[in-house]
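In this note's numbering, the protein residues as written are 2 to 180.
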């Protein structure tokens with residue numbers, strides 16, 4: 002089953018849209034946290050007393066409500082799609098990173114699924130660095146990425162591995178890797 006698919010995105014547009022969605026989330030949190038903290042102190046606090054617990058309660062409630070809004074309302078909005086895509090990309094890369102010792106062992110053994118999984122990881126990592134504007138980190142791994150692509154071409158494997166297949170993640174776990 003395909004868990005994630007890499008889609009072409011314009012890095013400038015991506016950064017602009019994620020900045021905008023981040024600003025909306027931050028403003029939502031600030032308004033809710035300050036408003037609920039003020040309301041809690043006004044309703045339950047005492048004049049001249051230490052109302053820290055009511056301020057903290059209001060901020061914590063604001064954080065909870067903000068997280069709920071993001072999860073159930075904002076993520077469904079078109080203006081949040083780039084941020085949601087970036088989050089899913091990073092989660093997909095992390096799922097590969099978590100089994101990377103198995104992946105490298107599988108690649109060393111010549112397993113086609115491990116080789117494809119590593120290629121997906123390289124493509125996703127490349128896109129993440131491009132979207133984030135982090136060309137310095139990308140240049141550090143370019144040699145490894147090119148070497149792996151050459152290996153795939155030599156074996157006649159398709160280098161366009163834009164989809165993360167859940168079966169690949171399960172399959173590579175059969176290779177004992179060194180942590």
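By construction, the Cβ of each residue, glycine as well, lies at the ideal position given by its N, Cα and C atoms.
Its chain contains 162, 165 as the residues whose beta carbon lies nearer than 6 Å to that of residue 121, once the 5 sequence neighbours on both sides are disregarded; these appear in chain order. Each of 177, 171, 175, 179 was checked against the Cα of residue 3, and the nearest Cα belongs to 171. Inclusion of residue 84 and residue 19 in the CB contact set at 8 Å is warranted, their separation being smaller than that value. Distance from the CA atom of residue 175 to the CA atom of residue 93, rounded to whole angstroms, is 20 Å. Look at residue 154 here: in three-state DSSP terms it is helix. The residue among 150, 125, 100, 26 with its C-alpha nearest the C-alpha of residue 80 is 26. DSSP, reduced to helix, strand and coil, places residue 165 within a strand of the structure shown. By the 16-neighbour rule on beta-carbons within 10 angstroms, residue 78 is exposed.
Annotated three-state conformation of residue 100 is coil, per DSSP. In the DSSP assignment, residue 60 falls within the alpha helix (DSSP H) that extends over 53 to 73. Here the C-alpha atom of residue 72 lies approximately 14 Å from the C-alpha atom of residue 23. Ranked by Cα distance from residue 64, the first of 32, 116, 13, 131 is 32.
Here residue 111 is actually not in contact with residue 16; their C-beta atoms are around 39 Å apart, not less than 8 Å. Under the three-state reduction of DSSP, residue 6 is assigned to strand.
When 173, 138, 14, 40 are compared, the shortest CA-CA separation from residue 62 is found for 40.
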